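Step one of this worksheet: look at the structure below.
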Amino acid sequence: MDSLSLWQLLAVFAIFTWSGFVRNALGFGGAALSLPLFLFIIDEPVEILPIIGIHLMIAVLITLRRSYQYIDWHYL
Numbered sequence: 005m006d007s008l009s010l011w012q013l014l015a016v017f018a019i020f021t022w023s024g025f026v027r028n029a030l031g032f033g034g035a036a037l038s039l040p041l042f043l044f045i046i047d048e049p050v051e052i053l054p055i056i057g058i059h060l061m062i063a064v065l066i067t068l069r070r071s072y073q074y075i076d077w078h079y080l
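Now the structure itself:
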């Protein structure tokens, strides 16, 4: 992933942005819908899957921070 050209980096940024919107709108599916698009740019899924995992962890932390006050702890 170190040797990506400028258009590939811009495409990766655009796909991550799009997958963030998909995840925020639907609540799921950002990784499932973005992985096939990444495979058009980067031929090795082993290189892109850790980045998708980090992206999802950041999204979960943001969601948890926003929704923490609404957790019904007695129900859990």
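Residue 80 is where the sequence shown ends in this note's numbering, and the numbering goes up by one at each step. By construction, the Cβ of each residue, glycine as well, lies at the ideal position given by its N, Cα and C atoms. These numbers come from a predicted model, not from an experiment.
- Counting C-beta pairs closer than 8 Å gives fewer than three between the stretch 26-34 and the stretch 46-53, which falls short of the contact rule.
- Counting only the Cα atoms, L14 lies some 18 Å from L37.
- Under a 10 Å Cβ-count criterion, V64 is classified as exposed, with fewer than 16 other Cβ atoms of the shown protein chains found around its own Cβ.
- Counting along the chain, the unbroken alpha helix (DSSP H) around L10 starts and ends at L10 to L30.
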